[in-house]
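First the structure, in the form of structure tokens, and then the observations on it.
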């Protein structure tokens, strides 16, 4: 993705679908598919609020939003699948592997060494999978 | 602070003291003072590891590090004093009030609306205090 | 509040405003006011997603939703202001003081005795304030 | 389980065993078995305190207690095996799949979208396993 | 307290009352008093399970149990009142101020620097209050 | 390990390597190896800060530090790999299986029954692996 453009004529749902597709790519589409037979309305909310509302706001770049997403998910330490989605999203929107590694190492300061280690090992899995 | 320059001739402690001073400013100095009569060695560790080691690494800008700090502390939701220090630090290293507000709003997605609300109210206190 | 009626002709924002007003009452209005000068758009999101979308869904009663809100906020233990808002909301939608006390005591099982104790003391403050 | 009846002549242990059996069923028995060779006394405590004491209290229905259990475990996000036990228990005491799905979706509000997603995927596993 | 002796003829409640009194002292009694008008049964559970059951088990010394209590409460970071009670209890059962300070500093490793800092500042308050 | 001796002539890195090797043994070495191709500098920090700085401090015995580590990691509940490393380290520095089991059971009080159960099941895996 080179850049994210806001189109004010889109509905929240359309805008969110486009944003999820461009930012999270295949990993995001897999989450949405997995919701189909348990909570299809929740897939709609995932499109609408995080992506149609929040990620589409102009006040912070999508690259900066992915720094915030990776940092918070690694710090909480209880959402590994979502952390992996956002590590991949970070790569999609222009963060380098080195920058993502730095963000995860920094989490040792705020959330402890285990949170940093588990984040780094999640990144390793994503980086390896992307290489193949 | 215009920019953070790494000086490889400094010791970790000197580098950390300089970084804490430039990034966290008065709020950082207050934390260090408060440690003097309970755990002075811990003040040394605060200088050395988070600032002398992590913040001094060249792979991620100090501005980006403060996005990660604000996001993670707001998401964990159990470290309000440190969140305020880093909101102030974010302003010191070039994040705008709008950007900080966006980061905190985004935390509603990963950590829930209460985490975002409490982060926003912490920012409000910092912003008001800076104005006076 | 005797009961919450869904009006499909309302917008999400209108529906959310009505729900927040009826469920959370004054405590909810205070949160919204406090957002006005820091993040007014976030007030809109609070109306729209938690209240306009989630609380307005017909699959679970508002009383049952407040059981879930009180339990989760007490268990996480890092969102006392929001826990108090929902203890008050619980009373507004028909939970008794005894039922709320039981929910909070039960949190000792899942989140530990400190979470239960801090929840009970938060409830005590709300119950006392309502009496006056 | 049609309904849970309190028998005041039972000991805490007997009452807890009966409650665990009726509420958590096979999933609960598996937890107890797994404790036998590491901490058999802890199995006794699981019977006595959560079930013999808390679940046997008359002030809140067992159905309402399972709403609180599912909500709190999903919100904390670090206890997936116990969340699954209580999703199954919820079905045993009369919550519908739709109601459980609603509780889990609602956790997006208090604990973030990842907590809701991971809770929904845990429910999906339980629902599928029950079908077979 | 010189040492904790188990008396098998006591009931759980009597044993727990004696243990809470000897270990937590005044801080523990204050918690129990505060429960009287909101959840008196919960005061009974606090006596019975944590103190009558767990602390009275012979397999780990009360001093070692207070290390575990202080470490876990500081790491979770959302239970400051209980952390203070157990810092005082640690002093009551023979931990030195230096040892308690070391435990809290160590939490920087597992739970991050904010958890350690907030634990140290809680200890400072307890230590100062004991001096007067 | 019979005992840990501090050698003031060592660098932080040397001291940390020696401490990690003696305390965490093979489990610790595996963590370091796993970091080699994603974040080798973080391996250095793991040696230096937790082990070269904190564990080498004389104010608390290594046995007591492992009580604190096991308690905090079990209570947080989001760092199972690190909990297992420290359960093994606890055995290496003189904690008995019974003592470790007691620490984990006690976590039911502060962090809830799920945290205690998941900690006990992690210990069971470590104990079984050591036996073979």
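Protein chains in written order, with our numbering: chain B, 10 to 141; chain P, 10 to 141; chain D, 10 to 141; chain E, 10 to 141; chain U, 10 to 141; chain V, 10 to 141.
Note that beta-carbon positions come from the ideal geometry of N, C-alpha and C, so glycine has one too.
Assigned exposure category for residue i - 16 Cβ within 10 Å defines buried
i, result
"residue 46/V", "exposed"
"residue 42/U", "exposed"
"residue 75/P", "buried"
"residue 38/V", "exposed"
"residue 138/B", "exposed"
"residue 24/D", "buried"
"residue 17/U", "exposed"
Length of the line joining the Cα atoms of residue i and residue j
i, j, result
"residue 114/V", "residue 70/U", "14 Å"
"residue 107/E", "residue 99/D", "22 Å"
"residue 147/U", "residue 88/P", "Residue 147/U is absent from the model: chain U starts at 10 and stops at 141."
"residue 49/P", "residue 29/P", "16 Å"
"residue 19/P", "residue 92/B", "36 Å"
"residue 124/U", "residue 68/P", "26 Å"
"residue 58/P", "residue 118/B", "8 Å"
"residue 72/E", "residue 104/E", "7 Å"
"residue 15/B", "residue 27/B", "10 Å"
"residue 140/D", "residue 109/D", "16 Å"
"residue 90/P", "residue 34/D", "30 Å"
"residue 60/V", "residue 77/D", "42 Å"
"residue 79/V", "residue 116/V", "10 Å"
"residue 136/P", "residue 40/V", "42 Å"
"residue 62/B", "residue 44/P", "42 Å"
Secondary structure of residue i, DSSP reduced to three states
i, result
"residue 67/U", "coil"
"residue 19/E", "coil"
"residue 28/V", "helix"
"residue 47/B", "coil"
"residue 124/V", "helix"
"residue 105/E", "coil"
"residue 87/U", "coil"
"residue 95/V", "helix"
"residue 130/V", "helix"
CB of residue i within 8 Å of CB of residue j, strictly
i, j, result
"residue 102/P", "residue 36/P", "no"
"residue 32/B", "residue 64/B", "yes"
"residue 121/E", "residue 120/P", "yes"
"residue 22/P", "residue 51/P", "no"
"residue 66/U", "residue 111/V", "yes"
Test: residue i CB closer than 8 Å to a CB of chain F
i, result
"residue 64/V", "The structure shown has no chain F; the protein chains it does contain are B, P, D, E, U and V."
Quiz item: Looking at C-beta atoms only, is the number of pairs between the region 117–134 of chain P and the region 71–85 of chain P that lie closer than 8 Å three or more?
Solution: yes
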